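Take a look at the structure set out below.
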Amino acid sequence: GAFADGTGAAAKFNLPLQMAIDANDNIYLVDSGNHRIRKITPAGVVTTLAGTGTGSSVDGGVASATFNEPTGIAINPGTGVIYVSELTGKVIRKIENGQVTTVAGLAATSALTNGFGTAARFESPHSIVLLPNGNLLVRDVTSAAFRLFNTVTTEVTTLTTGTTGFNSYAGVDAQGRLYLPLAANQLTLTSDFDSVNLVGSGTAGSVLGVNTAATISDPRSLVF
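Residues are numbered in the numbering used here as their position in the sequence shown, beginning at 1, plus a constant of 2.
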């Protein structure tokens, strides 16, 4: 991995992970190995939105704030507010009006504790998904937990633990239905307090087919 802003193949990344798309089709992604948040325009121009490259969780303006292994990102298309989860930093950050602030968790402090804002604790917040109501679903992978972050009240609650330990990304469709890997090599729809396996037999592979007749390998990211 390397780091460079630029257009197309001139740009360089180091372990890019989750992506989010705004209302103007710009892509925002966590460049985890570079501890930066990057932006890609529809023309392929890559710039650094925030982060200096130093692995820490310091709030401030986008030019001076730092991130500690950012692994998840979500954007509210209505407001343009960006949220970032940090696997090593153990916090959820917000980027708004050129400022980076910590909205949940305490930097480099690991625990599975519910609460409001910086009183809450995360173990390993790997990925985040923006729900239709504007709140965030956080994948806290050490305990294989799904946590809910209320973006208005800043309350963090634990929805479930022990589903899997995979560093996988969930997805939510326009109807608010949740799609996620609950087992290796399978994609599951979780809706109305029920779970239905949609794709994959559980055996890793790339066989084409309908639903569970197809095989997939370690699904990581979903976009609707």
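Ideal placement from N, C-alpha and C gives every residue a C-beta, glycine not left out.
Because the structure is a prediction, the values reported are computed rather than measured.
Classify Gly202 as helix, strand or coil using the three-state DSSP reduction.
Position 200 of the sequence shown, counted from the start, is the residue given in the question as residue 202. If DSSP states are grouped into helix, strand and coil, Gly202 belongs with coil.
Can you tell me whether Gly10 is helix, strand or coil according to DSSP?
For the purposes of this step, residue 10 is taken as residue 8 along the sequence shown, with counting starting at 1. Gly10: helix per DSSP, three-state reduction.
Under a CB-based cut-off of 8 Å, is Ala172 close to chain C?
Given the protein chain composition of this structure (a single chain), no chain C is represented.
Closer than 6 Å by C-beta to Thr159: which residues in its own chain qualify, once you throw out the five before and the five after it? Chain order, please.
Counting from one through the sequence shown, the residue named residue 159 turns up at place 157. Counting only Cβ-Cβ distances below 6 Å, and skipping sequence neighbours, we find Asn116 and Leu150.
If you measure from the CB of Val60, is any heavy atom of the ligand FMN nearer than 7 Å?
The model on display carries no ligand, and the ligand FMN is accordingly not part of it.
Work out the CA separation of Arg40 and Ala11 for me, nearest whole Å.
Here the question's residue 11 lines up with position 9 in the sequence shown. Here the question's residue 40 lines up with position 38 in the sequence shown. Approximately 15 Å between the Cα atoms of the pair.
Considering only their Cβ atoms, is the gap separating Gly204 from Ser219 smaller than 8 Å?
Numbered from 1 along the sequence shown, position 217 holds the residue referred to as residue 219. Numbered from 1 along the sequence shown, position 202 holds the residue referred to as residue 204. No, the Cβ-Cβ distance between Ser219 and Gly204 is not below 8 Å.
Could you tell me if Thr90 is buried or exposed, where buried requires 16 or more neighbouring beta carbons within 10 angstroms of its beta carbon?
Taking the first residue of the sequence shown as 1, we reach residue 90 at position 88. The residue is buried, with at least 16 neighbouring Cβ atoms inside 10 Å.
Quick check: the region 15 to 33 against the region 64 to 81, are there 3 or more CB pairs under 8 Å?
yes
Under 8 Å by Cβ, that's how I've got Thr111 and Arg123 pegged, so tell me the actual separation to the nearest angstrom.
Residue 111 sits at position 109 when you count from the first residue of the sequence shown. Residue 123 sits at position 121 when you count from the first residue of the sequence shown. About 6 Å; that satisfies the 8 Å criterion.
So is Asn135 buried or exposed if we call it buried at 16+ other beta carbons inside 10 Å?
The residue you call residue 135 lines up with position 133 of the sequence shown. Burial call: exposed.
Beta strand (DSSP E) containing Ser87: first to last residue?
In the sequence shown, the residue the question calls residue 87 occupies position 85. Ile84 to Glu88 is the extent of the beta strand (DSSP E) around Ser87.
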